[in-house]
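Visitor:
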Amino acid sequence: MKAIAHGSARPHASRRHPGALLVMGVLCCVITASSAAMAANASASKAMHTQQIEIRNFAFAPATLTVPAGTRVVWTNQDEEPHVITSAGSLFASSKGLDTSDSYAVTFSKPGTYAYYCSIHPMMVGTIIVQ
Ligand SMILES: [Cu+2]
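Per my numbering, the sequence shown starts with residue 242, numbered consecutively.
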């Protein structure tokens with residue numbers, strides 16, 4: 242019993258120890274958090290390289306899309322009608338006729354303004370601004 246009572250003087254010593262462990266734990270958390278943040282950044286920049294454009298109700302959404310150079314733009318037709326992505330001025334290759342749920346992808350590596358339209362429904366227009 243006396244030994245346990247004597248041990249009550251120890252909490253000072255044993256307190257320091259958990260403190261050191263806590264510092265190590267915090268450092269460990271900081272390192273883990275920063276590598277998690279780096280991983281998140283990596284996936285965010287990867288996601289930035291693909292942008293989706295929906296074709297719905299005879300319109301492109303968004304109609305105007307601004308992207309950094311190197312971005313892959315993917316059009317997906319959500320309409321029952323077929324659509325054809327056609328570059329105004331033939332700056333990029335035209336798609337084939339896109340049926341429902343079909344996609345067409347173009348990677349824009351050079352900065353510029355790329356107007357396009359649907360060759361079946363020429364009133365459907367869109368613009369991609371590559372920076
Ligand atoms: Cu169309």
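Note that CB positions come from ideal geometry on N, CA and C, so glycine has one too.
#1: For the beta strand (DSSP E) that contains G367, what are its first and last residues?
#2: Please name the residue in S328, L339 and E322 whose C-alpha comes closest to that of G353.
#3: Give the secondary structure of P352 by DSSP, where H, G and I count as helix, E and B as strand, and everything else as coil.
#4: Since F301 sits in a beta bridge, which residues does DSSP pair it with?
#5: Could you tell me which residues DSSP puts in a beta bridge with I326?
#6: Bridge partners of L306, per DSSP?
#7: Excluding five sequence neighbours on each side, which residues of the same chain lie with their C-beta closer than 7 Å to the C-beta of R297?
#8: Please work out which residues of its chain come closer than 6 Å, Cβ to Cβ, to G338, disregarding the five sequence neighbours upstream and downstream, and give them in chain order.
#9: For ligand 1, any of its heavy atoms closer than 7 Å to the Cβ of I361?
#10: Which of helix, strand or coil does DSSP assign to L339?
#11: On the premise that G367 lies in contact with T305, defined as a C-beta separation below 8 Å, what is that separation, rounded to the nearest angstrom?
#12: Classify F299: buried if its beta carbon has 16 or more other beta carbons within 10 angstroms, exposed otherwise.
Guide: The short version:
#1: Residues V366 to V371.
#2: Shortest Cα-Cα distance from G353 to any of S328, L339 and E322 involves S328.
#3: coil
#4: I296
#5: I326 is bridged to C359.
#6: I369
#7: Q319 and D320
#8: P323 and V325
#9: yes
#10: strand
#11: Cβ-Cβ separation between T305 and G367: approximately 7 Å, consistent with a contact (criterion under 8 Å).
#12: exposed
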